[in-house]
Structures are given as structure tokens and as C-alpha cells.
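Step one of this worksheet: look at the structure below.
Chains as they are written, first to last, in the working numbering: chain G, 327 to 560; chain A, 44 to 286.
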């Protein structure tokens, strides 16, 4: 039986040898999560900003719902997308179940509430500071949105990263809608589950190390950008 | 310079304007008329309603009762705040931002690119060397000058200033007061709040005196400082009213 020590060294060897299976899994994982975060950001940033600026009946309900959805269990999101995309489901004709596209859709649903809710908070705070000046300049609320999003850009970078963290770490949704098919929908988290249950600990550990390293690197870059900006822009 | 060439500034009329917030009357019904190209200073102790009156006049707040009305088209206006609100961008980008909103350039800058207009405003206010610097790391005085440069580019016929010098050192105060006179000289009506009596004496053509949310006087500056009509104003000038 493998001890964790030689599992670790085998894992490092897999990484250093750029094992083909490993690389394709890492690439697909990044493609799915980055695409999901990109699409979710396109929708959630303006949505969060609009929610910060407009007062309408039911606004608080929407905010509470968004905040609650930040904690949506990935398996539930996966199940919902599964029901939508399965052959008998309303969007079954599209034949998307068990494709990377289905995984992107599920992750968009997971990430969108996080980005929208946190964007709302950031933009609302910034609007408190800018409102009088922008009103004095005669800006309408819809024209304030790009200004506020741009001026909150560094805080929003952290928000988007929080979304990416969620997307890259979750396993439940991609497992259900992707099916963990070798070479098609197998990503890092689903392989870790599979390899662990098979007892192939070096592979599982190798993937775990890569996942951790990627997430750490991306967060480090964002931290440096944010700190530099804070120092430079005051 | 060209004050007599510019068209007269539309008169602003406040008709029984009051402002009530959560049951507290912050401004009692106020009627006044601002016409011509004057330098009107709004004075009074803290909490008198000076900033409130200015925000109502500028349209940032809607009165609870009464109407704020311009005779004719509302003229181009700008406002400079006590603490300048600058965008998290370079000094130059703060200026090109308002040029993108306000499409009509100052007549003397017509035909120039936005960047060139912004640079000429920076030069006018002594900030050209700071063009690339992020606006929010500038000193207090530089920030306020940048806010004035921004207002300058909007080519306002009416300029509102809310205690623009209260956080500045004497040199910066002088720069702001010079800028105010420059605006006025080019045909802009000035409406400004201050609690600095000396500043008011230097700048005012006429004075609005407020106390406890009530407009007590609207008189020419000379008359106000020589012989105030109300006892509160007299006490204020003697320095007996709490600021």
C-alpha cells in the first residue's frame, strides 16, 4: 500500500513530467471555470451595480435572495441544471448534458450570485461617496454604472476572484451535469474524487497540489495588483 | 475681461421653499431671488442650513414644499464641494471625464481635443505637472484646485461652492479665492457658503444670512457688514454666535 510520502513524490513526478492525462484535465478545468466566471461577470457586474443604484419595491427581497444564493449548495445547482438539460427536460433538445457547456452553465449559476451580491455592496459604498458630484454633473443613474464599475475596479477584481475560487473548487455541480467522462468532462475536482475512490492517491494528490497552486497564484497576483493600486490611487 | 459680452445669467427664484427631514424642519419657508452676475455669500453659524439651501438651489435636493425655478432655461451649473470628490483616476482623466459628459467646450477652447482642453485647464489652475498623478493622492489644496479646474471646463453660468476653503492652508485659500474671482470675471454667478467672516468681506457682493434654518437677511455686503438688520446677524459679525 502507498504511504502518503511516496504518494507525494509520485505526484510531484507526474507534475514535473507533464503527464498528458493530467495536463488535459488541468486545461479543461481552467477553461470551464474561467469561461463561467467571465460569463457570470458580464451579467453580474451591471446587475449588482443596478441593484445598488435603483430603489424599487421588492429590492430588499432580491438582495436577501442573492445573498442566500451565495451559499447555494453546488449539488443543488447541478441538479437544477441536470433537470433542465436532461433529455426529458425543457432544454433537452439542445443535447448539452454531459458536455463542458453544461458545466459552464452550472458554474455560472453558482458564481453569478456571489459576484452580483458583492458588486452591489462595493458599488453602493462608492456611490455614497460619488453621488452628489455625479448628480451635480447631471449624470443619470444608468450612465453612472460604467463610472462606478470602473472606479471600483480593484475591489471588483477581488470580487471576481471570489467567484473564480468558488467555480474552481466546487465538485458537486460539474460532477452531476458533466458526468466526469474521461477526456470530455473530467476536471480536477471530479478526478480527485474518482482517483481517491480508486485508491490512486498519487494522481489525486498531484491534482490537488496543482489546484491549490493555481488558486494561490491567481490570488497572489490579484493581491499584488490590489495593493499597488491602493498605494497609487489612494 | 469679457463679462459684458456674455449673455445675462438666468435668475433663480426660490418660492416658499422648505425642507423637512424626519419631522425636523431644517429650512423654514424661504423666498429669494438671485439675479445678475453677483458673488453671493451664504453665511450663518453651523447647522443654519447654508449647505442645504445651496443643494436645493443647485437641484441636488428636492424641497419638501415650495418651488425652485429658473427664469427661462436652467443655465449650465457646477458645484465645488467642501471635500472634493475626485474619481480614482489621474488628474487629467478626472477632467476628460467631465468633457465626455459635457459636450459643449468653453468658447476659447473650441476645436481642441478633450485632452488638450483638460491640459489647458490644468495649466490655468497651476497643475500641469500633476496631470498623470492619481487625483486622490494630491494635497488638499491641489485637489480643490483640480475640482475648480473641472468646474471651469463645464463653463458654468452659475458656480456653487460649499465651504471650499475650510480645510485648506492660507496659500491654498488664496488660490481658491483667486479662482473664484476669475470665474466671476468671466461672467459666472458665484454662490458660496462660508463661515469665515474675512473671506466673506473679501468676496461678497451680497449676503444671505441664515440662522436656525431661517433666512434672516438678503442684503448688499456693505450694508450687511456695516449695519446688519437682525440681532442674530449683528451677534454673528461680532463673533458672539457659535459657529
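All residues carry an ideal CB built from backbone N, CA and C; glycine is no exception. As the structure is a computational prediction, the values presented were derived from the model and not from experiment.
Check: So the beta strand (DSSP E) residue 113 of chain A belongs to, where does it begin and stop?; Outcome: 108-113
Check: Determine the DSSP secondary structure at residue 249 of chain A, reduced to helix, strand or coil.; Outcome: strand
Check: If we define contact as Cβ-Cβ less than 8 Å, is residue 461 of chain G a contact residue for chain A?; Outcome: yes
Check: Using only CA atoms, which one of G/363, G/551, G/443, G/401 lies nearest to residue 376 of chain G?; Outcome: G/443
Check: What's the call for residue 45 of chain A, buried or exposed, on a 16-neighbour Cβ count within 10 Å?; Outcome: Model confidence at residue 45 of chain A stands at a pLDDT of 44, short of 50, so the residue's coordinates are unreliable and nothing is read from them.
Check: Excluding the 5 residues flanking residue 363 of chain G on each side, which residues of the same chain have their C-beta closer than 7 Å to its C-beta?; Outcome: 437, 486, 489, 490, 493
Check: Tell me where the beta strand (DSSP E) around residue 59 of chain A begins and ends.; Outcome: 55-64
Check: Going by CA-CA distance only, name the one from A/185, A/150, A/254, A/171 that's closest to residue 208 of chain A.; Outcome: A/185
Check: According to DSSP, is residue 120 of chain A helix, strand or coil?; Outcome: strand
Check: Strictly by DSSP, which residues pair up with residue 467 of chain G?; Outcome: None; residue 467 of chain G has no bridge partner.
Check: Assuming residue 153 of chain A is part of the alpha helix (DSSP H), what are its boundary residues?; Outcome: Per DSSP, residue 153 of chain A belongs to no alpha helix (DSSP H) and is neither H nor E.
Check: For residue 83 of chain A, which residues does DSSP report across the bridge?; Outcome: A/234, A/249
Check: Is there a Cβ of chain G sitting closer than 8 Å to that of residue 141 of chain A, yes or no?; Outcome: yes
Check: According to DSSP, is residue 217 of chain A helix, strand or coil?; Outcome: helix
Check: Could you list the residues in the region 166-199 of chain A with a C-beta less than 7 Å from some C-beta on chain G, going in chain order?; Outcome: 177, 179, 180
Check: Suppose you measure from the CA of residue 88 of chain A to the CA of residue 97 of chain A; what does that come to, to the nearest Å?; Outcome: 15 Å
Check: Of all the residues that make up the region 373-395 of chain G, which are near chain A by a beta-carbon distance shorter than 9 Å?; Outcome: none
Check: Strictly below 8 Å CB to CB, what residues from chain A border residue 450 of chain G?; Outcome: Within 8 Å Cβ-Cβ: nothing; residue 450 of chain G doesn't reach chain A, min ~16 Å.
Check: Could you check whether the Cβ of residue 152 of chain A sits closer than 8 Å to any Cβ belonging to chain G?; Outcome: no
Check: Give the residues of chain G in contact with residue 101 of chain A, contact being defined as C-beta atoms less than 7 Å apart.; Outcome: 462
Check: Determine which residues share a DSSP beta bridge with residue 75 of chain A and list them.; Outcome: A/57
Check: Could you check the C-alpha separation between residue 385 of chain G and residue 370 of chain G for me, to the nearest Å?; Outcome: 16 Å
Check: Run through the DSSP bridge pairs and tell me what residue 177 of chain A is partnered with.; Outcome: A/133
Check: Is there a Cβ of chain G sitting closer than 8 Å to that of residue 138 of chain A, yes or no?; Outcome: no
Check: With a 10 Å radius around its C-beta and 16 neighbouring C-beta atoms as the bar for buried, classify residue 459 of chain G as buried or exposed.; Outcome: buried
Check: Measuring CA to CA, which of A/260, A/74, A/146 is closest to residue 465 of chain G?; Outcome: A/146
Check: Compute the Euclidean distance between the alpha carbons of residue 475 of chain G and residue 527 of chain G, then round it to the nearest angstrom.; Outcome: 44 Å
Check: Is there at least one Cβ from chain A nearer than 8 Å to residue 482 of chain G's Cβ?; Outcome: no
Check: Between the region 255-267 of chain A and the region 103-110 of chain A, can you find at least three pairs of beta-carbon atoms closer than 8 Å?; Outcome: no
Check: In angstroms, rounded to a whole number, what distance separates the CA positions of residue 201 of chain A and residue 233 of chain A?; Outcome: 6 Å
Check: Tell me, to the nearest whole angstrom, how far the beta carbon of residue 191 of chain A is from that of residue 250 of chain A; I am working on the premise that it is less than 8 Å.; Outcome: Rounded, the Cβ-Cβ distance is 22 Å, inconsistent with contact.
Check: Nearest CA to the CA of residue 162 of chain A: which residue from A/128, A/135, A/141, A/264?; Outcome: A/135
Check: Would you mind working out which of A/220, A/194, A/252 sits nearest residue 121 of chain A, comparing C-alpha positions?; Outcome: A/194
Check: Using a beta-carbon distance below 8 Å, is residue 130 of chain A in contact with chain G?; Outcome: yes
Check: Is the beta carbon of residue 188 of chain A less than 8 Å from the beta carbon of residue 218 of chain A?; Outcome: yes
Check: Classify residue 276 of chain A as buried or exposed, calling it buried when 16 or more other Cβ atoms lie within 10 Å of its own Cβ.; Outcome: buried
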